[in-house]
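Enquirer: Using the UniProt record's numbering, read the sequence shown as starting at 1 and increasing by one per residue.
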Amino acid sequence: MSSYLGRLNPIPGFPGYSGPHKVGTVDVEIPISELPSPCPVPDGAQDIHTILFRIFYPTSSEAKGKEITWLPNPQRQYLMGYGFFMGASPLLSSLASFVPRYLHYVTIPAIKNAPLISPAAKDGRWPTMIFSHGLAGSRNSYSQLAGSLASHGVVVICPEYRDGSAIATVVRDPVALSEYQGGLFAQRPRSAGVVYRNLPHTPSREISEARDAQLRVRAWETGLLYEALVKIDEGKAESMTNLNTSTPAEALSRFTNRLDVQEPGKVIWAGHSFGAATITQVVKSTYYADRPQVKSIANPIFAVKESAKIRQQITNQSVAILLDMWCLPMISPDQTALYKLPLPCYDVNASNSPGGNALLAVESDAFFKWTEHLHTKAMILSPSPTAVPPVSASAFDEPGFSRPSWFYVKDSAHMSQSDFATLFPWLVRRVFNGHAPERVVRLNLRAVLQTLRRNGHSVAPTCAADLADGDEPTVAKAAAAGGLEDDPAILDSKVADLKAIDAWTHIDVVGLGLKSAAAATQTTNVDEK
1 MSSYLGRLNP IPGFPGYSGP HKVGTVDVEI PISELPSPCP VPDGAQDIHT ILFRIFYPTS
61 SEAKGKEITW LPNPQRQYLM GYGFFMGASP LLSSLASFVP RYLHYVTIPA IKNAPLISPA
121 AKDGRWPTMI FSHGLAGSRN SYSQLAGSLA SHGVVVICPE YRDGSAIATV VRDPVALSEY
181 QGGLFAQRPR SAGVVYRNLP HTPSREISEA RDAQLRVRAW ETGLLYEALV KIDEGKAESM
241 TNLNTSTPAE ALSRFTNRLD VQEPGKVIWA GHSFGAATIT QVVKSTYYAD RPQVKSIANP
301 IFAVKESAKI RQQITNQSVA ILLDMWCLPM ISPDQTALYK LPLPCYDVNA SNSPGGNALL
361 AVESDAFFKW TEHLHTKAMI LSPSPTAVPP VSASAFDEPG FSRPSWFYVK DSAHMSQSDF
421 ATLFPWLVRR VFNGHAPERV VRLNLRAVLQ TLRRNGHSVA PTCAADLADG DEPTVAKAAA
481 AGGLEDDPAI LDSKVADLKA IDAWTHIDVV GLGLKSAAAA TQTTNVDEK
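(1) Would DSSP call F396 helix, strand or coil?
(2) Bridge partners for F131 per DSSP, in chain order?
(3) Using alpha carbons as the reference points, say which of V440, P461, V441 lies closest to Q450.
(4) Using DSSP bridges, identify the partner residues of W406.
(5) Apart from the five residues on each side of it in sequence, which residues of its chain come closer than 6 angstroms, Cβ to Cβ, to N525?
(6) Does F56 come out as helix, strand or coil in the three-state DSSP assignment?
(7) Three or more C-beta pairs under 8 angstroms: does that hold for the segment 25-41 against the segment 229-247?
(8) So the alpha helix (DSSP H) T505 belongs to, where does it begin and stop?
(9) Measure the alpha-carbon distance for A237 versus A303 and round it to whole angstroms.
(10) Exposed or buried, which one is P72 when buried takes at least 16 other CB atoms within 10 Å?
(11) I'd like to check one pair, A270 with F129: are the Cβ atoms closer than 7 angstroms?
(12) Let me know the secondary structure DSSP gives C463 once reduced to three states.
(13) Taking 6 angstroms as the cut-off, is the CB of F255 close to at least one heavy atom of the ligand GDP?
(14) Helix or strand or just coil, what does DSSP make of D27?
(15) Applying the criterion that 16 or more other CB atoms from any shown protein chain within 10 Å of the CB defines a buried residue, is E398 buried or exposed?
(16) Over what stretch of residues does the alpha helix (DSSP H) that includes E209 continue unbroken?
(17) Would you report the Cα separation of M379 and N140, rounded to the nearest angstrom?
(18) According to the neighbour-count rule (16 or more other Cβ atoms, all chains shown, within 10 Å of its Cβ), is P31 buried or exposed?
(19) What does DSSP give as the partner residues of E160 in its beta bridges?
(20) Enumerate in chain order the residues of its own chain whose CB-to-CB distance from S392 is below 8 angstroms, with the five nearest sequence positions on each side excluded.
(21) Kindly identify the DSSP beta-bridge partner or partners of L484.
(22) Could you have a look at L341 and say whether DSSP puts it in helix, strand or coil?
(23) Can you find the residues in the same chain that come closer than 6 angstroms, C-beta to C-beta, to R211, ignoring five residues on each side of it along the sequence?
(24) Helix, strand or coil, according to DSSP, for L449 in the structure here?
(25) Hey, is the segment 354-373 in contact with the segment 402-421, meaning 3+ C-beta pairs nearer than 8 angstroms?
In structure tokens:
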């Protein structure tokens with residue numbers, strides 16, 4: 001297995017980020033006992049003692065220091081998880097994880113514990129994004145996109161969930177650690193691993209309940225993460241214990257009054273696959289928490305407390321970035337009431353609802369060609385998920401909403417949205433027919449940056465190198481000007497007709513939905529590919 005992985009992995013590290021800023025990073029693990037719970041603790045979370053996340057952020061051009069490895073520590077745990085996920089037996093994965101190999105040494109071009117620089121924005125805060133990983137992900141597995149955004153002036157927080165959907169994770173026990181450090185005999189282990197739970201993708205009542213259970217843990221952890229970010233921004237980092245001892249105590253204090261997490265609607269919510277589904281359910285559950293139909297759900301995904309800070313943060317202005325969103329977890333029979341409600345950006349009863357302007361969805365070629373799933377997603381991305389399909393133009397025209405920015409990248413695989421395709425391009429090309437992973441990163445970055453600009457977030461210009469998939473005059477113009485401060489072409493619905501951007505095609509939500517999985521009645525047959 002060692003030589004096999006070595007053949008599949010031809011790169012020693014990731015390419016440098018394209019933005020004007022160097023990128024710093026810190027690793028954080030905070031006891032949940034030091035945070036107010038945003039909802040009742042979900043079943044199955046009794047052994048989750050902490051929340052774990054990595055922050056990517058802009059740092060000084062003079063910053064120097066150690067780059068981090070792509071495999072988190074303890075590396076053996078994560079390497080064994082990847083081996084098992086790729087089809088090796090548990091025994092072979094365990095044995096292979098002892099063998100030093102290439103993947104151990106792959107680095108991310110982000111400087112560990114580097115200083116945070118001050119933003120140029122008038123309010124002195126950096127745009128702040130929470131990015132939710134997909135199945136078999138980790139806090140490091142979207143480092144190319146997260147780091148690229150950080151290099152353009154966005155602070156990106158990547159949680160690692162403990163619901164059994166991460167490739168692997170380790171939960172420290174604060175009580176056992178305290179006993180050990182105090183010279184006492186610890187009554188329980190100081191940490192425990194959570195292995196990847198390989199659930200079938202074929203829809204059934206049992207699988208829906210299992211995915212609902214995972215979403216409850218993910219939503220709870222996301223709410224806890226937001227509570228932690230607010231405390232960090234308020235200068236209360238010292239009141240929390242970072243169990244990751246590789247991060248200096250003062251590292252989190254640098255973020256005081258620098259995160260755009262206080263003003264309602266400012267946090268950017270993003271995710272890939274199951275992570276995009278997580279973000280959708282968190283945003284909808286929070287925004288509609290007081291709706292009678294949501295309160296009537298017997299076993300909700302996220303029963304947000306009135307005191308939870310996330311209640312004030314999520315508004316109809318909240319931006320959502322959904323990369324290859326996986327729809328199966330959102331059409332659970334027990335969550336029908338939540339499914340029927342549109343994304344908050346389409347709330348006709350709220351003032352200044354931005355409609356599709358606050359929504360970016362990007363598909364891989366594989367998900368675009370998955371017809372039933374695409375039509376189901378069209379209903380979810382529309383102003384009325386329960387309207388008789390297909391989605392009509394009047395659904396947008398009557399309330400004056402713009403249609404969602406929805407695109408797909410030709411010849412890309414589902415894995416192309418993550419670091420995996422960059423690390424293993426040969427495997428993704430041969431097995432999943434995914435080509436040019438670096439192109440997917442460039443296009444995603446351009447689209448996200450322009451979506452943020454369109455919604456009032458201050459970000460750095462898109463550099464000429466990231467316009468490599470566009471026409472030569474545009475590239476030349478960007479090179480001469482030091483980048484594009486406005487990049488409307490990437491979100492133009494006529495981009496294919498203009499032939500301005502290679503492999504980037506708009507998807508019109510209008511007219512889709514007839515081949516959906518009848519999600520409104522929850523009789524779906526969608527499957528994850």
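Idealized CB from N, CA, C, for every residue including glycine. Note that the structure is a prediction, hence the values are computed from the model and not measured.
Expert: The answer reads as follows:
(1) Along the sequence shown, read from residue 1 onward, the residue named residue 396 stands at position 396. Three-state DSSP puts F396 in a helix.
(2) Taking the first residue of the sequence shown as 1, we reach residue 131 at position 131. Answer by DSSP bridge pairing, in chain order: A270.
(3) Start at 1 with the first residue of the sequence shown, and residue 450 comes out as number 450. The shortest C-alpha separation from Q450 is found at P461.
(4) Position 406 of the sequence shown, counted from the start, is the residue given in the question as residue 406. Answer is A361, bridged to W406.
(5) Working through the sequence shown from its first residue, we reach residue 525 at position 525. For N525, the pLDDT reaches just 34, beneath the cut-off of 50, and the residue's location in the model is therefore unreliable, although a value from the coordinates is still provided. Closer than 6 angstroms at Cβ, skipping near neighbours: A517.
(6) Here residue 56 corresponds to residue number 56 of the sequence shown, with the count starting at 1. F56 falls in the strand class under three-state DSSP.
(7) yes
(8) Within the sequence shown, the letter at position 505 stands for residue 505. Following the DSSP letters along the chain, one finds T505 in no alpha helix (DSSP H) but inside the beta strand (DSSP E) bounded by residues 504-506.
(9) Within the sequence shown, the letter at position 237 stands for residue 237. Within the sequence shown, the letter at position 303 stands for residue 303. Between A237 and A303, the C-alpha separation is close to 27 angstroms.
(10) Stepping through the sequence shown from its first residue, residue 72 is reached at position 72. By the 10 Å Cβ count, P72 comes out buried.
(11) Reading the sequence shown from its first residue, position 129 is the one you call residue 129. Reading the sequence shown from its first residue, position 270 is the one you call residue 270. The amino acid occupying residue 129 in the given sequence is Met; Phe does not appear at that position. Closer than 7 angstroms, so yes.
(12) Translated into positions along the sequence shown, residue 463 becomes position 463. C463: coil per DSSP, three-state reduction.
(13) With respect to small molecules bound, the structure shown includes none, and the ligand GDP cannot be examined in it.
(14) Position 27 of the sequence shown, counting from 1, holds the residue named residue 27. Strand.
(15) In the sequence shown, the residue the question calls residue 398 occupies position 398. With fewer than 16 other Cβ atoms within 10 Å, it is exposed.
(16) Translated into positions along the sequence shown, residue 209 becomes position 209. Per DSSP, E209 belongs to the alpha helix (DSSP H) from 205-233.
(17) If you number the sequence shown from 1, residue 379 lands on position 379. If you number the sequence shown from 1, residue 140 lands on position 140. Between the alpha carbons of M379 and N140 lies a distance of about 32 angstroms.
(18) On the sequence shown, position 31 is the one that residue 31 refers to. That one is buried.
(19) Taking the first residue of the sequence shown as 1, we reach residue 160 at position 160. BP columns for E160 point to L52.
(20) Counting from 1 along the sequence shown, the entry for residue 392 is found at position 392. Result list for S392: V510, in chain order.
(21) As a first step, residue 484 must be located in the sequence shown, where it is residue number 484. Answer is T462, bridged to L484.
(22) Counted from its first residue, the sequence shown places residue 341 at position 341. Three-state DSSP puts L341 in coil, outside helix and strand.
(23) For the purposes of this step, residue 211 is taken as residue 211 along the sequence shown, with counting starting at 1. Hits under 6 angstroms: P329.
(24) Counting from 1 along the sequence shown, the entry for residue 449 is found at position 449. In this structure, L449 counts as helix in the three-state DSSP scheme.
(25) With a cut-off of 8 angstroms, the segment 402-421 and the segment 354-373 count as touching, because enough Cβ pairs lie within range.
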